[in-house]
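Presented below is the structure to which this report refers.
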Amino acid sequence: MTGFLRRSAQSDAEFDPSRPILSAEGVHHWYYSPERKSFVTALEDLSLSVRRGAFVALLGPSGCGKSTLLNMFAGLIAPSLGVVRYQGQAITAPNTQAAYVTQNDSLLPWRRVAANVGLPLEVRGVPAREREERVAQVLNQVGLQGFERAFPSELSGGMRKRVGLARVLVTNPNLVLMDEPFGALDAQLRARLHAEFLRLWSERGMTVVFVTHDIDEAVTLAQEVYVFASRPGRIRARIDIDLPFPRDVEEIRYSARFVELSHRLRDELRLANPVIEEH
Ligand SMILES: Nc1ncnc2c1ncn2[C@@H]1O[C@H](COP(=O)(O)OP(=O)(O)OP(=O)(O)O)[C@@H](O)[C@H]1O
Ligand SMILES: [Mg+2]
Numbered sequence: 061m062t063g064f065l066r067r068s069a070q071s072d073a074e075f076d077p078s079r080p081i082l083s084a085e086g087v088h089h090w091y092y093s094p095e096r097k098s099f100v101t102a103l104e105d106l107s108l109s110v111r112r113g114a115f116v117a118l119l120g121p122s123g124c125g126k127s128t129l130l131n132m133f134a135g136l137i138a139p140s141l142g143v144v145r146y147q148g149q150a151i152t153a154p155n156t157q158a159a160y161v162t163q164n165d166s167l168l169p170w171r172r173v174a175a176n177v178g179l180p181l182e183v184r185g186v187p188a189r190e191r192e193e194r195v196a197q198v199l200n201q202v203g204l205q206g207f208e209r210a211f212p213s214e215l216s217g218g219m220r221k222r223v224g225l226a227r228v229l230v231t232n233p234n235l236v237l238m239d240e241p242f243g244a245l246d247a248q249l250r251a252r253l254h255a256e257f258l259r260l261w262s263e264r265g266m267t268v269v270f271v272t273h274d275i276d277e278a279v280t281l282a283q284e285v286y287v288f289a290s291r292p293g294r295i296r297a298r299i300d301i302d303l304p305f306p307r308d309v310e311e312i313r314y315s316a317r318f319v320e321l322s323h324r325l326r327d328e329l330r331l332a333n334p335v336i337e338e339h
């Protein structure tokens, strides 16, 4: 795909592909709650590793520490105990190699859609002409052509989500961290974005770690799913999603293997979180 930023040659050359691109080793995290005057255990003894180029889902109920873990991979918070690594190096500062679609969109309200999406390119000094082309291309990919000049306040929740996604894709990142990126979208649009995103993932060889509450979404997209248990947040199971690629995101849910895997994830979630009602 032409026109996108090249990957960092340096980091590619230095990196041993047999090592995981991301790992968490014996991670614990406590937040202090001033109201309760005590610590909340957000993560307890969590270890996992992510292969380069993998598509990994973190699945679990609200409050089980999914965003906390993504924030660690993004280098925004440090574990209270244990270590998180990117390409073997401990993450001790914001991880500039990771593109992060946060749970709450962080669009700049005073910038129009195109200027929000083009911001990471501006920061990297990409010339205006090339920036415009790339922004137009990626807005088209997320179905927002025609909204270049709108302000974030003029958009629906789902559209804002898509602007956030576009802003990440425009940089052609090696590693994408996504926190419920496809929530708040209608079923048809969701399926379209799922298909588009899977295509981009396989073309570009990105590594993707994404958070979801949605079992079917995890099975549709991911190669492996970590099921989280809550209170305290920890990993209950790691399940391989052995459905072949390319996947037809609309048809795949009717396959016997899809149904089997969904049931397995549902059972794991129930066992891990017995008091939590399904929604
Ligand atoms: N800044 C904070 N200060 C205090 N407690 C926090 C903070 N951030 C998160 N927590 C607590 O840590 C736990 C894990 O939170 P986290 O946001 O990682 O969960 P989550 O799995 O992403 O949930 P959700 O699916 O609702 O987004 C929760 O109990 C939450 O209340
Ligand atoms: Mg969260």
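As numbered in the numbering used here, residues 61 to 339 make up the sequence shown, in order.
Virtual Cβ for every residue (Gly too), placed ideally from N, Cα, C.
Please read these numbers as outputs of a predicted model, since none were measured by experiment.
- Each of K126, S127, Q163, D239 has a C-beta closer than 6 Å to some heavy atom of ligand 2; these make up the full list, in chain order.
- By the 16-neighbour rule on beta-carbons within 10 angstroms, Y146 is buried.
- Looking at L321, S322, R296, K97, the one whose alpha-carbon comes closest to that of D105 is R296.
- Closest in C-alpha terms to V110, from the list S166, P80, R194, R184, comes P80.
- When D276, R259, S98 are compared, the shortest CA-CA separation from Y314 is found for D276.
- Out of V183, C124, D300, the CA that lies nearest to the CA of R324 is found in D300.
- The C-alpha of T162 lies about 16 Å from the C-alpha of L245.
- Between A332 and V287, the beta carbon gap of about 6 Å places them in contact (Cβ cut-off 8 Å).
- Remark: the C-beta of Y286 is outside contact range of ligand 1, defined as less than 7 Å to any heavy atom.
- Straight through space, the alpha carbons of V309 and G178 are spaced by roughly 29 Å.
- DSSP places W261 in no beta strand (DSSP E) but in the uninterrupted alpha helix (DSSP H) bounded by 247 to 264.
- A direct Cα-Cα distance of roughly 30 Å separates H254 from P187.
- At least one heavy atom of ligand 1 is found less than 7 Å from the C-beta of Y91.
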